[in-house]
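Encoded as structure tokens, the structure appears first; notes follow it.
Residue numbers (the working numbering): 2 to 115.
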């Protein structure tokens with residue numbers, strides 16, 4: 002999520018490029034992939050974690066994600082400074098899409114094998 006915030010912060014730089022439509026479509030599909038991942042993640046947590054530990058696991062999950070945000074912003078900020086905003090936003094969207102698609106494919110394979 003932190004990686005995609007760069008796109009919001011640099012909207013004017015993206016609109017002025019010729020790749021605006023491609024970046025727009027990529028960000029749209031990344032949003033869909035993120036939501037699909039979150040749905041599958043929550044379903045997996047609800048199925049696998051016993052009810053008495055569910056609150057603790059959910060809290061730990063959000064603590065870890067929140068603590069990783071500053072690290073992600075530092076990495077993306079340095080990457081953006083070196084390579085530019087457009088490349089950073091495009092790379093971030095492609096990277097996040099690949100990670101989420103891999104996760105969804107693995108979940109699909111696991112469900113079909115069971």
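For each residue, glycine too, the CB sits at the ideal point set by N, CA and C. Just so we're clear, the structure is a prediction, and the values are computed from it rather than from any experiment.
Under 8 Å between C-beta atoms of residue i and residue j
i	j	result
residue 100	residue 37	no
residue 98	residue 21	no
residue 41	residue 94	no
residue 24	residue 77	no
8 Å Cβ shell around residue i - same chain, five flanking residues per side excluded
i	result
residue 46	55, 58, 59, 62
residue 102	34
Length of the line joining the Cα atoms of residue i and residue j
i	j	result
residue 81	residue 110	36 Å
residue 44	residue 79	35 Å
residue 26	residue 92	14 Å
residue 83	residue 48	43 Å
residue 51	residue 71	31 Å
residue 65	residue 107	23 Å
residue 53	residue 75	36 Å
6 Å CB neighbourhood of residue i in its chain, flanking five on each side removed
i	result
residue 31	94, 97, 98
residue 113	none
- [ ] Return the chain-ordered ranges of every alpha helix (DSSP H) run that is complete within the segment 24 to 82 and spans a minimum of 4 residues.
- [x] none
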